[in-house]
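Below: one structure, written as structure tokens.
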Amino acid sequence: MSHFRIPIESNPLQLYRSALLFCPTNTVIRLVYSVENMEYLLGFNIPKVISGLDSDWGACITIFEGHTNAVWSVSFLPDGTTIASGSFNNTVHVWDVRSGMSQVFKGHTNYVCSVSFLLDWMTIASGLEDNTVHVWDVRLGTSQVFKGHTNAVFS
Numbered sequence: 011m012s013h014f015r016i017p018i019e020s021n022p023l024q025l026y027r028s029a030l031l032f033c034p035t036n037t038v039i040r041l042v043y044s045v046e047n048m049e050y051l052l053g054f055n056i057p058k059v060i061s062g063l064d065s066d067w068g069a070c071i072t073i074f075e076g077h078t079n080a081v082w083s084v085s086f087l088p089d090g091t092t093i094a095s096g097s098f099n100n101t102v103h104v105w106d107v108r109s110g111m112s113q114v115f116k117g118h119t120n121y122v123c124s125v126s127f128l129l130d131w132m133t134i135a136s137g138l139e140d141n142t143v144h145v146w147d148v149r150l151g152t153s154q155v156f157k158g159h160t161n162a163v164f165s
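In the numbering used here, the protein residues as written are 11 to 165.
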């Protein structure tokens with residue numbers, strides 16, 4: 011969505027009108043702004059989607075893409091603005107929920123099995139398959155490695 015910000019902000023009514031065609035059939039938006047009502051108000055015919063529409067909104071709100079392997083752990087900040095995810099591609103991503111953009115933390119030598127924000131919200135701990143814990147400074151992108159576990163760190 012962020013790539014299309016300027017056209018969306020410049021033409022919101024056209025976007026809404028186009029999006030209404032694809033709204034699920036049993037939603038308040040679809041019922042209030044039905045194609046028939048819009049045709050009457052606007053005075054011209056609007057294209058219709060005849061089949062293939064969902065009846066209700068799905069449960070999925072957003073999909074964040076960027077890891078190249080399975081995501082094993084996620085952690086949310088309490089304010090809901092940021093998500094950290096740890097993956098089998100040996101990276102931690104810190105996601106801005108609004109923009110969908112991520113900051114990538116590399117330097118792990120094995121699978122990231124767990125991630126968790128510390129209380130200051132600017133530090134992330136990641137547990138690894140190689141028996142280590144990395145503590146990341148989100149602002150600087152640097153980590154300190156702690157060794158001593160005799161098995162993988164899952165929490």
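Where is the CB? At the ideal position from N, CA and C, for every residue including glycine.
Item	Value
Have a look at Val136 and Met111 and give me their C-alpha separation to the nearest angstrom.	In the sequence as displayed, the identity of residue 136 is Ser instead of Val. Going by the C-alpha atoms only, they are around 20 Å apart.
Where does the unbroken beta strand (DSSP E) through Val145 begin, and where does it stop?	143 to 147
Look up Ala94 in the DSSP assignment and say whether it is helix, strand or coil.	strand
For Tyr121 and Phe32, I'd like the C-alpha separation in whole angstroms.	40 Å
Going by CA-CA distance only, name the one from Asp89, Glu75, Arg108 that's closest to Val102.	Glu75
On a Cα-Cα basis, can you pick out the residue from Gly96, Pro17, Met132 that is closest to Gly117?	Gly96
I need the DSSP call for Ser20, collapsed to helix, strand or coil.	helix
Closest to Phe115 by CA distance: which of Asp140, Val107, His144, Thr91 is it?	His144
Candidates Arg149, Ile16, Val163, Asp66: which alpha carbon is nearest Val38's?	Asp66
I'd like the list of long-range same chain contacts for Glu139, defined as Cβ closer than 7 Å, with 5 residues on each side in sequence excluded.	Asn120, Tyr121, Cys123, Ala162
Based on DSSP bridge pairs, tell me the residues matched to Ile134.	Phe127, Trp146
Considering only residues of the same chain and omitting the five flanking positions on each side of Asp64, which have a CB-CB separation below 8 Å?	Pro34, Thr35
Do you know whose CA, among Trp105, Leu150, Asn99, Asn100, lies nearest Ser85's CA?	Trp105
Can you tell me whether Ser153 is buried or exposed? The criterion is at least 16 other CB atoms within 10 Å of its CB, across all chains shown.	buried
Can you name the start and end residues of the alpha helix (DSSP H) that Val42 belongs to?	38 to 42
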